[in-house]
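**Q** Below you'll find the structure I mean.
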Amino acid sequence: MKCTHVYQKGNGPINEDSYVINQDANVYAVIDGATGLDGLPGYLASYTVQEQLQALKQTDGLYNGVLRANQTLGQKLVDQFNNFARSGSNISSIQDIPKKQRSSTGLAAIQLHSNGHALDFFHAGDCMIFVEYKSGEIRAITYDLIQYFDQLALKEFMKLHEKKGNHMDLSQLREMIKPILMQNRENMNTSGGYGVIDGTAEEFNLWSQERFP
52 MKCTHVYQKG NGPINEDSYV INQDANVYAV IDGATGLDGL PGYLASYTVQ EQLQALKQTD
112 GLYNGVLRAN QTLGQKLVDQ FNNFARSGSN ISSIQDIPKK QRSSTGLAAI QLHSNGHALD
172 FFHAGDCMIF VEYKSGEIRA ITYDLIQYFD QLALKEFMKL HEKKGNHMDL SQLREMIKPI
232 LMQNRENMNT SGGYGVIDGT AEEFNLWSQE RFP
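Numbering-wise (the working numbering), the sequence shown opens with residue 52 and increments by one.
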């Protein structure tokens with residue numbers, strides 16, 4: 052199978068996004084890390100998922116691989132939070148880390164069956180999977196729920212920028228919409244919100260393994 056990819060580093064010192072090309076297990080993924088608000092860096096989540104999926108074997112199964120990655124991430128975030136928290140905390144559970152401060156990641160991952168007739172996929176966050184049919188038609192087989200929450204913050208940001216943009220820099224404007232960003236974070240892995248990988252079990256209660264076709 053022919054596989055190509057594009058990966059371009061942004062302006063930051065560390066790229067929070069990553070990808071997987073694991074041809075031994077027929078696993079391919081894009082991973083979109085997100086830093087917590089005044090919290091843990093997004094690359095902790097994205098790199099953890101990358102490492103676990105890159106080590107998968109064909110017999111492991113995609114869902115189990117993502118599940119292990121999520122469990123590994125949960126413990127890693129607890130350790131990192133205890134190491135860097137200014138309060139000198141000593142928490143023992145990922146649930147004790149506020150949602151707004153967790154490192155999290157979106158994921159779009161597939162595992163091709165060895166017979167080439169089907170694939171399993173796992174989707175979280177705003178990473179998308181598209182399929183091109185023999186007819187040339189292209190369809191999305193995942194759904195981006197995060198966009199609706201992002202639009203709330205973006206709409207308020209633009210309103211403030213039009214009103215006060217000449218007197219405030221971007222960091223000040225971002226601080227003003229922080230309450231919306233914090234509320235968006237509280238919607239992570241809830242039935243009325245959106246699913247991301249953040250080391251908790253809620254993601255796997257909301258989403259299940261899918262198979263296509």
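Glycine is no exception: its CB is placed at the ideal position from the N, C-alpha and C atoms.
#1: Rank L196, T110 and I161 by C-alpha distance to the C-alpha of G244 and give the top, closest one.
#2: Can you find the residues in the same chain that come closer than 7 Å, C-beta to C-beta, to R262, ignoring five residues on each side of it along the sequence?
#3: Between which two residues does the alpha helix (DSSP H) holding D201 run?
#4: Mark S69 as exposed unless 16 or more other C-beta atoms lie within 10 angstroms of its C-beta, in which case mark it buried.
#5: Rounded to whole angstroms, what's the CA-CA distance from S259 to G116? Just pull it up for me.
#6: Give the straight-line distance between the Cα atoms of Q109 and Q162, rounded to the nearest whole angstrom.
#7: With a cut-off of 8 Å, does the C-beta of K229 fall near any C-beta of chain B?
#8: Taking 8 Å as the limit between beta carbons, can you name the residues of its chain near M179, skipping five residues before and five after?
#9: Figure out for me which residue from G93, S143, N238 and N77 has the closest Cα to the Cα of N66.
#10: Could you tell me the distance, in whole angstroms, from the CA atom of V57 to the CA atom of A80?
#11: Can you confirm whether the segment 122 to 137 touches the segment 205 to 219 when touching is taken to mean that 3 or more C-beta pairs between the two stretches lie within less than 8 Å?
#12: Can you tell me the Cα-Cα spacing of E252 and Q131, whole angstroms?
#13: How many angstroms separate the CA atom of V129 from the CA atom of S222?
**A** Straight from the coordinates:
#1: Nearest C-alpha to G244: L196.
#2: Note that R262 scores a pLDDT of 49, beneath 50, so its modelled location is shaky; the value from the coordinates is reported in the next line. For R262, same chain residues with a beta-carbon under 7 Å away, outside a window of 5 residues either side, are A169 and D171 in chain order.
#3: For D201, the enclosing alpha helix (DSSP H) has its first and last residue at I197 to K215.
#4: Here S69 is buried, its C-beta having at least 16 other C-beta atoms within 10 Å.
#5: With a pLDDT of only 48 at S259, under 50, the local geometry of the prediction cannot be trusted, and the value read off the model is given with reservation. So the alpha carbons of these two residues sit roughly 13 Å apart.
#6: Here the C-alpha atom of Q109 lies approximately 8 Å from the C-alpha atom of Q162.
#7: Given the protein chain composition of this structure (a single chain), no chain B is represented.
#8: Correct list, in chain order: A159, A191, T193 and D195.
#9: Minimum Cα distance to N66 is reached at G93.
#10: Each residue's alpha carbon lies about 12 Å from the other.
#11: No: fewer than three Cβ pairs fall under 8 Å.
#12: The question names Glu, but residue 252 in the sequence shown is Ala. Cα to Cα, the separation comes out at about 19 Å.
#13: Cα to Cα, V129 sits roughly 29 Å from S222.
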